[in-house]
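When we follow numbering that gives the first Met the number 0, the leftmost residue of the sequence shown carries the number 0, and every step to the right adds one. Contents: one structure, followed by commentary.
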Amino acid sequence: MPRLIFAALLAILAFAMLPGVATNWLVQRGYIESFGTTDAADSAPKAHALQTSESNHTVANYNGARRTVIKPGAGGHYFAQAHFENKTVRVIIDTGASLVALTADDARRLGLKPRKSDYNVKVNTAGGVALYARSRVGSIRIGQVDVKNVDVLIAPKGALNITLMGMSYLRKLKTFKIERGRLILES
Numbered sequence: 000m001p002r003l004i005f006a007a008l009l010a011i012l013a014f015a016m017l018p019g020v021a022t023n024w025l026v027q028r029g030y031i032e033s034f035g036t037t038d039a040a041d042s043a044p045k046a047h048a049l050q051t052s053e054s055n056h057t058v059a060n061y062n063g064a065r066r067t068v069i070k071p072g073a074g075g076h077y078f079a080q081a082h083f084e085n086k087t088v089r090v091i092i093d094t095g096a097s098l099v100a101l102t103a104d105d106a107r108r109l110g111l112k113p114r115k116s117d118y119n120v121k122v123n124t125a126g127g128v129a130l131y132a133r134s135r136v137g138s139i140r141i142g143q144v145d146v147k148n149v150d151v152l153i154a155p156k157g158a159l160n161i162t163l164m165g166m167s168y169l170r171k172l173k174t175f176k177i178e179r180g181r182l183i184l185e186s
């Protein structure tokens, strides 16, 4: 009987530890973000993460660096909610685009209203050459990753169906990389 009680206590202890062990395994392999640790001797980077309800990305603060982790969406593309001077725009991350390219509708919602004569920048697109307007946005933020003074292009009406988050935003980051299928932005 004492052996049975001892075995039952060991089983209870093992089951109580299982969630912590499983969580540590998932964090170490990058499948989930850490919510921080309480062990001061832990040498692993401490992180505080929050899954946002508005999109498919996680924001985190790693030892002072701001980080956003974006899971791939439809077709393996990386979509995010970007905040252009606190106005939300759905974007697709596009490392092949030299600049951020706003749809005409998104630009109008942001208060950018180029004149017809401003459409003088030739852009090679999948559909051929198109004329875009050049502008600048004071700040663009995805999650906690904020960039100031970003050059943008404004597409003519009907040329784009989603805003492209191009290299004029990405090259201002500390780093951006794809790790285990997730896009990581860090400033």
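Cβ coordinates follow ideal geometry from the N, Cα and C atoms, glycine included.
Please state whether the Cβ-Cβ distance between residue i and residue j is less than 7 Å.
i       : j       : result
Ala-158 : Ala-132 : no
Ser-167 : Asp-150 : yes
Leu-111 : Ser-97  : no
Leu-180 : Asp-93  : Before going on, a small fix: residue 180 reads as Gly here, not Leu. Result no, Cβ atoms of Gly-180 and Asp-93 do not sit closer than 7 Å.
Ala-100 : Leu-169 : no
Per DSSP, which one or two residues make a beta bridge with residue i?
i       : result
Arg-181 : Glu-178
Ser-138 : Lys-147
Thr-124 : Gly-127
Ile-92  : Met-164
Ala-132 : Tyr-118, Ile-153
Arg-2   : Answer is none; Arg-2 lacks a bridge partner.
Lys-86  : Phe-83
Just to confirm my understanding: we take residue i, look at its own chain, exclude 5 residues before and 5 after, and list those with CB closer than 6 Å. What are they?
i       : result
Val-243 : Nothing can be reported for residue 243: it is not among the residues displayed for the chain, which extend from 0 to 186.
Phe-78  : Gly-72, Ile-91
Phe-83  : Leu-109, Val-136, Ile-139
His-76  : Ile-91
Ile-69  : His-56, Tyr-77, Ala-79, Leu-182
Val-122 : Ala-129, Tyr-131
Ser-102 : The displayed chain sequence assigns Thr, not Ser, to residue 102. Once the five neighbours on either side are set aside, the close Cβ partners of Thr-102 are Ala-154, Leu-159, Thr-162.
Establish whether the CB of residue i and some CB of chain B are separated by less than 7 Å.
i       : result
Val-122 : Absent from the structure: chain B. Only one protein chain is present.
Leaving out the 5 sequence neighbours to the left and right, which residues in its chain are closer than 8 Å to residue i when beta-carbon positions are compared?
i       : result
Leu-172 : Val-144, Val-146, Leu-184, Glu-185, Ser-186
Val-120 : Leu-130, Tyr-131, Ala-132, Arg-133, Leu-152
Ser-116 : none
With H, G and I counted as helix, E and B as strand and the rest as coil, what does DSSP make of residue i?
i       : result
Ser-167 : helix
Lys-115 : helix
Ala-81  : strand
Ala-73  : helix
Ala-100 : strand
Output needed for residue i: all residues of its chain with C-beta closer than 7 Å, excluding positions within five of it in sequence on either side, in chain order.
i       : result
Asp-105 : Val-88, Thr-162
Lys-156 : Ala-103
Asn-148 : Arg-135, Gly-137
Thr-174 : Glu-185
Tyr-118 : Leu-130, Tyr-131, Ala-132, Pro-155
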